[in-house]
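Trainee:
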Amino acid sequence: MQPTNTKDPEYYHKVVDCQYACPAHTPVPEYIRLIAAEKYTEAYIVNWESNVFPGVLGRTCDRPCEPACRRVRVEEEPVAICRLKRVAADNKGDLSHYIPQGPFPSNGKKIALIGGGPASLTVARDLAPLGYEIHLFDEQPAGGGMMRTQIPSFRLPISVLEEEVGFILNMGIHTQFLTYVDSLKSVLEKDYDVVFVGTGAPRGRNLDIPGRDEAAAHIHIGIDWLQSVAFEHTASIGKNVIVLGGGNTAMDCCRTARRLGGENVKVLVRSPFKEMKASPWEKEDAMHEDIPILDNHVPVSFVLENGTLTGMMFEIVHAVYDSNGKRSLVPTGEPHVFIPADDVLIAIGQENSFPWIERDLGMEFDKWDMPVVDEKTYQSTIPKVFFGGDAAFGPKNIITAVAQAHQAAISIDLYCKESVLTERPHPMVNLVSQKMGIHEWSYDSMVTIDQRFVVPQADKKLTLCNRKMEVELGFDVATAWKEAERCLNCDIQTVFREPLCIECDACVDICPTSCITFTTNGTEAELRSRLKAPALTLSQDLLVSDVLPTKRVMVKDEDVCLHCGLCAERCPTAAWDMQLFSYNTAKAGA
Amino acid sequence: MSFLRPKFRHPHLPTNELGYTTTEYEGSLSTLCAGCGHDSISAAIVQACFEMNIEPHKVAKLSGIGCSSKTPAYFLGNSHGFNTVHGRMPSVATGANLANRDLIYLGVSGDGDTASIGMGQFVHAVRRNLNMVYIVMNNGCYGLTKGQDSATADRGSKSKAGSVNPFESIDLCGLALELGASFVGQSFSGDKEQLIPLIKAAMSHKGFAFVNVISPCVTFNNNVGSTKSYDYVRQHMEATATVDFVPMMTEITASYEQGSDATISMHDGTLLHLHKLADGWDPSDKLSAIHALQHARNEAKVLTGLIYYSADGHELHDVLNSSERPLNSLRQEELCPGVAKLEEINKGLR
Ligand SMILES: Cc1cc2nc3c(=O)[nH]c(=O)nc-3n(C[C@H](O)[C@H](O)[C@H](O)COP(=O)(O)OP(=O)(O)OC[C@H]3O[C@@H](n4cnc5c(N)ncnc54)[C@H](O)[C@@H]3O)c2cc1C
Ligand SMILES: Cc1ncc(C[n+]2csc(CCOP(=O)(O)OP(=O)(O)O)c2C)c(N)n1
Ligand code: SF4
Ligand code: SF4
Ligand code: SF4
Ligand SMILES: [Mg+2]
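As they're listed, the protein sequences go chains P and D.
Mapping to the working numbering: the first sequence position 454 is 454, numbers consecutive.
Mapping to the working numbering: the second sequence position 46 is 636, numbers consecutive.
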């Protein structure tokens, strides 16, 4: 193999598994160390810089970082990254010195944001301090998008949302709520330099099976129903409720139904339990609230008696996989099953819809009738119209909407400066030794064997009778400290400097997880098989040195390195050093 | 400063026939200087015991005093151990071995511990062919007491402070050969590929197996002008042969050049395969071994690998005709066979 080019920031970036997996590349280990140091305000700001909604995300994020966490490969459970973020938000102090406060000197450019969800709000936050005049339109009475209309208050208290939406709107954003934009043409005709579309994926999928129309009064589209609960138009539901679907929307529907009078709430899903789209923790929370999840049930019809809904018929299936692993759901032949219900909530997916974009404006749409949007720049085929969030590439989640919006904001800024959109600003990176003394590091290099701590929940008896009462109580600071200590500090890199190495083997002998081998060079596949322990995780890189005096190379498998610093402590010549790698994605204006 | 080694290990560590990983053969975290050769030898011992499927409780580690003699704390944490007084390890090893011949005796010593204060003890363990492995971690100085020249420091070798050693050095391998050691090897802490098979062979050997390992003291004897530094040893190493240790019942698959290889079968059925043999050297011929050592010395080379091996296998227990069973397993009936037996013995003496 060629010696690894560690000058390329992407090499060390990839070693920081959580940060790399986060769509917004939030510097996770950095804020976890701040939490351990009880610097909650600073920890909050590190988050706020990257992901804009730390309080919201600390409760609701889909947390792609957690399955990526090194701890999963070393023991089993990831660090509770998401819930630590909430600790920072819960305990933060005065932020006024950190958050840019307007009024900002104008740069003469004017931007319209259509939709007021996390995508548009992120664009607003990134661009307002640069002097852009920002006008935000949303048909809802307040900002937040689906964070307000969909995510139930028992998961996300409204006060938390209001605070973080407020930080942005207080930057002098011109808001026009209760304003549905019904024509892009009319917006384009105004004097905006740029239009950003952050309208989400607002349409819930319907289920057209027999009985649908006749029983319509007791059949609700999940996201519409959740929205009407959020705005207090709906306050009750029947005792027996069926929720159709296996995603997180289904989980929110069933748990909300339990709080509005549903005593006997069941989730019915077509796929096997294991393959449901909902996150494991959402399923757990639903089942904890006495909601059975019946898998392998395909809806056949709505059943009515004397014109009113009495329940639904289901066909039982099982999953069969072909040689390519493609799944089909095959009926088992068992008789259909009747499940009684007073109300049915359909939560089987969302779609984008752009009825308000005229098709004769010159904007290109693809074969699914979705606008063509560039995956890097988020520009549509009308140069001054940009997309981001669920509106760009279909429904995802908040953190993805934020990450996309950061990129769209960069593009908008480049566009307004008449720069080339494809020449993106580079991330800010730095590499600094953490050595404080012969064997002293500026970070806590000890590796704890504590297992993941559980976030306490409020008593079910209380939460089930109050839709607005938050279920999770969050970590107390003492537990938060212990959980924070589980972090392996993957951003503190093991940096190898071959000219200093005397090949004494001390690092090889001490490394607890057998990461380091000195051997003759070879191809990657071959090296992976003959290291001290086989390097089987192909997604994890090998760090390969230049040729050493004994004609061997040093090969380090990054896979299960604990960042414990022992290699550097035992190295007599400081050929190994522990260096903090910081990586901050560029923001607009950088 | 870390006082503990993290508990986590690589999830795909190989296991041996006992189902153990190397973890079961580790000791506590070393307190030696970073980069000390002794730590590498400890790691080689761990690896050798792992590969030989040795049950840790079947090993007794013995040592004297010195940085080298501290190392038994850093390997085989599940084995028996006796950290004796300075230079007195051979006596304790002899006593323990006579009391219980079922254990594998692994003595670890330093050049000071062996060639200075312990010389009088060492030579007798050799000449008695005590069944043990005796490893000297040889750094040419008294590391623990801050690097004074030891008796194995080569004449002309320069200390860190700049003084040149005026005295002739003791060649421990030559001495062991002279006194009848039945297995003599020499190696370098920085060459595990050679050291591990050599330790394995020494552990398979019946009788006194001596392994002298050059082990740089990074703190006091790794300077320019020292003949025990990493650089010097790497530049002056010369191997008698490449050593391959073949476990019992394993078919030999490697092919070796005609005329330059030899296979030794050890007492326990394992095989030691040597290839690329040095010119004129035969591992079972003492004269050629002495010659090879002297020759290397004249050329200012460090001769490494297996140096001498005798298949004789007549160790101390055989000489003394002592109890085959550990003394602790002998019951009262056996130790005190009764009046009738006493009568019989007395009759024989009349
Ligand atoms: C039930 C449910 C639960 C969810 N839970 C989570 C969760 O726990 N964690 C997570 O990360 N994600 C969750 N999501 C997904 C997440 O809410 C979205 O991915 C995210 O809000 C998308 O942000 P956005 O800014 O692209 O759009 P949205 O948040 O959808 O905001 C779009 C806004 O635009 C407005 N709008 C649309 N069209 C127009 C128009 N023509 N004129 C004016 N205004 C318009 C809408 O009213 C809305 O306020 C959930 C989604 C649902 C449905
Ligand atoms: C009876 C006695 N005399 C002297 C000492 C002091 N002493 C401690 S270690 C040592 C020399 C150790 O040298 P060596 O065996 O080469 O070990 P190293 O530290 O070099 O590995 C001496 C002289 C002692 N501990 N006990
Ligand atoms: S920091 Fe060094 S010693 Fe620790 S696990 Fe990583 S490579 Fe091994
Ligand atoms: S401990 Fe340092 S000098 Fe020794 S082999 Fe490792 S990197 Fe090289
Ligand atoms: S003083 Fe020398 S022998 Fe002792 S631990 Fe340090 S390097 Fe090793
Ligand atoms: Mg010594």
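Ideal placement from N, C-alpha and C gives every residue a C-beta, glycine not left out.
Predicted model, so just to flag it, every value in this text is computed and none were measured.
Express the C-alpha separation of A831/D and G870/D in angstroms, rounding to a whole number.
Mentor: The sequence position of residue 870/D within the second sequence is 280, counting from 1. The sequence position of residue 831/D within the second sequence is 241, counting from 1. Cα to Cα, the separation comes out at about 12 Å.
Trainee: Under 9 Å, do V723/D and G697/D count as touching if we go by C-beta distance?
Mentor: To locate residue 723/D, count along the second sequence from 1; it is residue 133. To locate residue 697/D, count along the second sequence from 1; it is residue 107. A contact, by the Cβ cut-off of 9 Å.
Trainee: If we require 3 or more residues per run, which beta strand (DSSP E) segments fall completely within the segment 477-537 of chain P?
Mentor: 492-496, 516-519
Trainee: Would you list the residues sitting across from D374/P in a DSSP beta bridge?
Mentor: As a first step, residue 374/P is located in the first sequence; it is residue number 374 there, counting from the start. Its beta-bridge partners do not exist; DSSP assigns none.
Trainee: Can you confirm whether the segment 107-121 of chain P touches the segment 394-408 of chain P when touching is taken to mean that 3 or more C-beta pairs between the two stretches lie within less than 8 Å?
Mentor: yes
Trainee: Is the beta carbon of L562/P within less than 8 Å of some heavy atom of ligand 3?
Mentor: Counting from one through the first sequence, the residue named residue 562/P turns up at place 562. Checking the Cβ of L562/P against ligand 3 gives yes.
Trainee: CA-CA distance, E66/P and N728/D?
Mentor: Numbered from 1 along the first sequence, position 66 holds the residue referred to as residue 66/P. Numbered from 1 along the second sequence, position 138 holds the residue referred to as residue 728/D. Approximately 49 Å, taken between the alpha carbons.
Trainee: Quick check: the Cα distance between Q848/D and H826/D, rounded to an integer number of angstroms?
Mentor: Along the second sequence, read from residue 1 onward, the residue named residue 848/D stands at position 258. Along the second sequence, read from residue 1 onward, the residue named residue 826/D stands at position 236. With a pLDDT of 45 at Q848/D, under the threshold of 50, the modelled position of that residue is not reliable, and no figure is offered here.
Trainee: If you run the structure through DSSP and keep just helix, strand and coil, what is D285/P?
Mentor: For the purposes of this step, residue 285/P is taken as the residue at position 285 of the first sequence. If DSSP states are grouped into helix, strand and coil, D285/P belongs with the helices.
Trainee: I want to see whether chain P comes within less than 9 Å of M591/D, judged by CB atoms only; does it?
Mentor: Within the second sequence, residue 591/D is the residue found at index 1, counting from 1. So yes, M591/D belongs to the interface.
Trainee: What are the start and end residues of each continuous beta strand (DSSP E) run of 3 or more residues lying completely inside the segment 215-289 of chain P, in chain order?
Mentor: 219-221, 240-244, 264-268
Trainee: What first and last residue would you give for the beta strand (DSSP E) that runs through N430/P?
Mentor: Within the first sequence, residue 430/P is the residue found at index 430, counting from 1. The continuous beta strand (DSSP E) containing N430/P extends over residues 428-433.
Trainee: Cβ of M955/D versus every heavy atom of ligand 6: is any distance shorter than 8 Å?
Mentor: No statement about residue 955/D is possible, as the shown extent of chain D runs from 591 to 940 and does not include it.
Trainee: Helix, strand or coil: how does DSSP classify R125/P here?
Mentor: One-based indexing of the first sequence puts residue 125/P at position 125. It is helical.
Trainee: Could you compute how far the alpha carbon of C567/P sits from the alpha carbon of S380/P?
Mentor: The residue labelled residue 567/P in the question sits at position 567 within the first sequence. The residue labelled residue 380/P in the question sits at position 380 within the first sequence. The straight-line gap from Cα to Cα measures roughly 50 Å.
Trainee: Quick one, which residues of the segment 546-570 of chain P are near chain D if we go by CB-CB under 8 Å, in chain order?
Mentor: P549, T550, V560, L562, C564, G565, L566, E569, R570
Trainee: Please confirm whether any heavy atom of ligand 2 lies closer than 8 Å to the CB of H676/D.
Mentor: Indexing the second sequence from 1 puts residue 676/D at position 86. It does: the Cβ of H676/D is within 8 Å (strictly closer) of some heavy atom of ligand 2.
Trainee: Give me the Cα-Cα distance between N936/D and Y695/D, rounded to the nearest whole angstrom.
Mentor: Your numbering for residue 936/D matches position 346 in the second sequence. Your numbering for residue 695/D matches position 105 in the second sequence. The straight-line gap from Cα to Cα measures roughly 37 Å.
Trainee: Note down, in chain order, each residue of its chain lying with its Cβ closer than 8 Å to the Cβ of E523/P, except the 5 sequence neighbours on either side.
Mentor: Translated into the one-based positions of the first sequence, residue 523/P becomes position 523. It is worth fixing the name first, because residue 523/P is Thr in this sequence and not Glu. Same-chain partners within the cutoff: M1.
Trainee: Just mark W441/P as buried or exposed, buried being the case when its beta carbon has 16 or more other beta carbons within 10 Å.
Mentor: Looking up residue 441/P in the first sequence gives position 441. So W441/P counts as buried.
Trainee: State buried or exposed for Y192/P, treating a residue as buried only when at least 16 other CB atoms are found within 10 Å of its CB.
Mentor: Along the first sequence, one-based indexing puts residue 192/P at 192. Answer is buried; the Cβ neighbour count reaches 16.
Trainee: Report the residue from I635/D, T735/D, G685/D whose alpha carbon sits nearest the alpha carbon of D711/D.
Mentor: Walking along the second sequence from the start, residue 711/D turns up at place 121. One point to set straight first is that residue 711/D is Gln, not Asp, in the sequence displayed. Comparing Cα positions, the closest option is G685/D.
Trainee: With 16 other CB atoms within 10 Å as the buried threshold, where does L862/D fall?
Mentor: As a working note, residue 862/D is residue 272 in the second sequence. Flag for L862/D reads buried.
Trainee: Judging by CA-CA distance, which residue of T4/P, K556/P, V79/P is the nearest neighbour of Y31/P?
Mentor: In the first sequence, counting from the first residue as 1, residue 31/P sits at position 31. Out of T4/P, K556/P, V79/P, V79/P has the C-alpha closest to the C-alpha of Y31/P.
Trainee: Would M436/P be called buried (16 or more neighbouring beta carbons within 10 Å of its own) or exposed?
Mentor: Within the first sequence, numbered from 1, the residue matching residue 436/P stands at position 436. The residue in question, M436/P, is exposed, as its Cβ has fewer than 16 Cβ neighbours within 10 Å.
Trainee: At the 9 Å Cβ level, is K185/P part of the contact set with chain D, yes or no?
Mentor: Position 185 of the first sequence holds residue 185/P. Judged by the 9 Å Cβ criterion, K185/P is not in contact with chain D.
Trainee: Taking the beta carbon of E933/D as the centre, do at least 16 other beta carbons fall within 10 Å, making it buried, or is it exposed?
Mentor: By 1-based counting over the second sequence, the position of residue 933/D is 343. Around the beta carbon of E933/D, fewer than 16 other beta carbons lie within 10 angstroms, which makes this residue exposed.
Trainee: Can you have a look at M591/D and say buried or exposed, based on whether 16 or more other CB atoms are within 10 angstroms of its CB?
Mentor: Here residue 591/D refers to the residue found at position 1 of the second sequence. So M591/D counts as exposed.
Trainee: First and last residue of the beta strand (DSSP E) that includes R212/P?
Mentor: Working through the first sequence from its first residue, we reach residue 212/P at position 212. From DSSP, R212/P is part of no beta strand (DSSP E); its letter is neither H nor E.
Trainee: For a cutoff of 9 Å on Cβ pairs, would you count L603/D as touching chain P?
Mentor: Mapped onto the second sequence, residue 603/D falls at position 13. It does; some Cβ of chain P falls within 9 Å.
Trainee: Starting from the beta carbon of A624/D, find every residue of chain P whose beta carbon is closer than 7 Å, and list them in chain order.
Mentor: Counting from one through the second sequence, the residue named residue 624/D turns up at place 34. Residues of chain P passing the Cβ test: A506, E569, R570, C571, P572.
Trainee: Roughly how many whole angstroms lie between the Cα atoms of E139/P and F53/P?
Mentor: Indexing the first sequence from 1 puts residue 139/P at position 139. Indexing the first sequence from 1 puts residue 53/P at position 53. Roughly 22 Å separates the two Cα atoms.
Trainee: For A633/D, decide whether its Cβ has a neighbour in chain P, counting only Cβ atoms nearer than 9 Å.
Mentor: Translated into positions along the second sequence, residue 633/D becomes position 43. Yes, because at least one Cβ of chain P sits closer than 9 Å to the Cβ of A633/D.
Trainee: Look at the alpha carbon of L178/P and the alpha carbon of L136/P, and state the distance between them as a whole number of angstroms.
Mentor: By one-based count along the first sequence, residue 178/P stands at place 178. By one-based count along the first sequence, residue 136/P stands at place 136. Taking the straight line from one Cα to the other gives about 11 Å.
Trainee: Here's the rule: buried if 16 or more other CB atoms are within 10 angstroms of the residue's CB, otherwise exposed. What is F757/D?
Mentor: Numbered from 1 along the second sequence, position 167 holds the residue referred to as residue 757/D. By the neighbour-count rule (16 or more Cβ atoms within 10 Å), F757/D is not buried but exposed.
Trainee: Which residues in chain D have a C-beta closer than 8 Å to the C-beta of D509/P? List them in chain order.
Mentor: Here the question's residue 509/P lines up with position 509 in the first sequence. Near D509/P (Cβ distances below 8 Å), the residues of chain D are D629, S630, S632, A633.
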